[in-house]
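Worksheet: the structure to be examined is printed underneath.
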């Protein structure tokens, strides 16, 4: 049973077989992946290595191994087992993950015999190489140099040279190239990548390497000639040596440019002119050559750059937003670039002048011509509301009330909308009442004929020798009959009145008409003669004669009755 250390002690000599690269590089493993795999707390509970070959990596931990574990030389050792199918030499490297700088240790045992151990190979990380025999079960212990110290580490295993890196890509920069690649698909434990460069007129040589604890799979190569073609290859290195080279890639470094577009003045109105300024620069100063400019749909090709600047003057601003774009094509050593700017021009304003409507406008008047003009000479549209309508360029009243007339322009891409409104009060129209009366005599009942010019209801009243009831005119006496016809008016029409006076005469008196004698029929033919051609004494004698005759007839009738 080995003696367990109780604290820090002088580190043992590195007697284990550690493979040193012929290139003299520091052994630095690749990156392990996946969650930490806990090892067993003793040889008997060792966990099989969670890999399918000894050219792989995984994350191991001894965080759950107690201090009291008695197996192994170091403290808190977590154990993993492996039984090789054939004799093989394997290189094992532990790289601390957490805590950073954890002082990890490695040891290998078989059948109760320790065959290899290591404390430090690079800083506090351990590494060792060991020959494994086919069919024998080996236990690999990850521990700590100090009792109670635990952590996680990536374990990298390798038995052969790595295969070549893949997917090498080069991206051009300013006198530089950025390279990225993928790790080798075969052969584990990569400790370093070497970058081989070929410049124009210079043979291939190592120009860069990645040697950090986790060898990076990307790097940037500087001090390259812009505009010249450069070739690159990458080699992977592990404890057994370098791999074959990757497939080569070529790149031509260029100086990037920046194209900036500005407009002067920055605030515009439609129709105004502005200047376009284009500046093309590199990290080292102004660019040379020409630049192509477009303003909306108009092209201005091959404007010459003077000290990196091209100027386009007197561009007329259209309405709305216009995009100004400048394209710099670049050269073999200077990259292309594009800049753009949106120039917004406010729409122009205009005013409308509209003549006033007549102040004495009356419903029913003849149409009135209207005139309006735009300060920009734009066509105008007329609309009306209220008591009037527009027919073309004339206003026609349709009622009494307020007439609103508007002249307007809706606006367009270059012009703001504008309008102008005038109003006028339309007076109510006049009305004419017509009244017709026939000749009147006492006792007549007739209907007077009264009409309104605009068809309004007409009301009749009468004074003097006649009355009106329900529109029927009745003559009650001889004399003047005064008849009035009137309308009350409405919202559009004024009230109106018509008056007529006619003298009512007496009704004619009719004489008795003889039924026999030579004068029969004569009186009936001229009844008015009895009213207008007989004196008053004669009339009295006639009445007396008729009374005598009537009395005689009554007497004769009584006598006849008595006889009977």
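In my numbering, the protein residues as written are 12 to 575.
We treat Cβ as the ideally placed atom computed from N, Cα and C, and that holds for glycine.
Cβ atoms of residue 115 and residue 155 come within 8 Å of each other, at about 7 Å. Collapsing the DSSP output to three states places residue 515 in a strand. Cβ neighbours of residue 417 within its own chain (closer than 6 Å, five residues either side excluded): 394, 430, 432. Remark: C-beta atoms of residue 67 and residue 47 do not approach each other more closely than 8 Å.
Within the region 404-464, no complete alpha helix (DSSP H) segment of 4 residues or longer occurs.
Counting along the chain, residue 330 sits inside no beta strand (DSSP E), nor does DSSP assign it H or E at all. Here residue 240 is exposed, its C-beta having fewer than 16 other C-beta atoms within 10 Å. Excluding residues up to 5 positions away in sequence, 392, 430 lie with their Cβ nearer than 6 Å to the Cβ of residue 419 in the same chain. The distance from the Cβ of residue 265 to that of residue 289 is about 20 Å, inconsistent with a contact at the 8 Å cut-off.
Shown here for residue 233: same chain residues with a beta carbon closer than 8 Å to its own, the five before and five after excluded, namely 186, 187 in chain order. Secondary structure of residue 85 (DSSP, three-state): coil. For residue 69, the pairing in a beta bridge is given by DSSP as 166. Under the three-state reduction of DSSP, residue 54 is assigned to coil, being neither helix nor strand. Distance from residue 498 to residue 444 at the Cβ level is roughly 6 Å; contact confirmed, criterion being Cβ atoms closer than 8 Å.
Of the residues assessed, residue 413 falls on the exposed side of the cut-off, its CB having fewer than 16 other CB atoms within 10 angstroms. Measuring C-alpha to C-alpha distances from residue 519 to each of 454, 480, 490, 468 identifies 454 as the nearest. At a Cβ-Cβ threshold of 8 Å, residue 117 and residue 143 do not count as neighbours. Boundaries of the beta strand (DSSP E) harbouring residue 395: 392-397, taken from the DSSP string. In this structure, 195 is the residue among 162, 184, 195, 167 with its C-alpha nearest to the C-alpha of residue 177. For the beta strand (DSSP E) assignment, the uninterrupted runs of no fewer than 3 residues enclosed by the region 276-354 are, from N- to C-terminal side, 284-293, 301-306, 309-315, 320-327, 331-339. Taking C-alpha positions only, residue 331 is separated from residue 357 by approximately 6 Å. The three-state reading of DSSP puts residue 269 in strand, counting E and B together. Counting only residues of its own chain and dropping the five nearest sequence neighbours on each side, residue 490 has a CB closer than 8 Å to the CB of 475, 476, 514, 515.
Residue burial annotation: residue 306 is buried, with at least 16 other C-beta atoms found within 10 angstroms of its C-beta.
Of all C-beta pairs linking the region 366-374 to the region 332-347, fewer than three are shorter than 8 Å, placing the two stretches out of contact.
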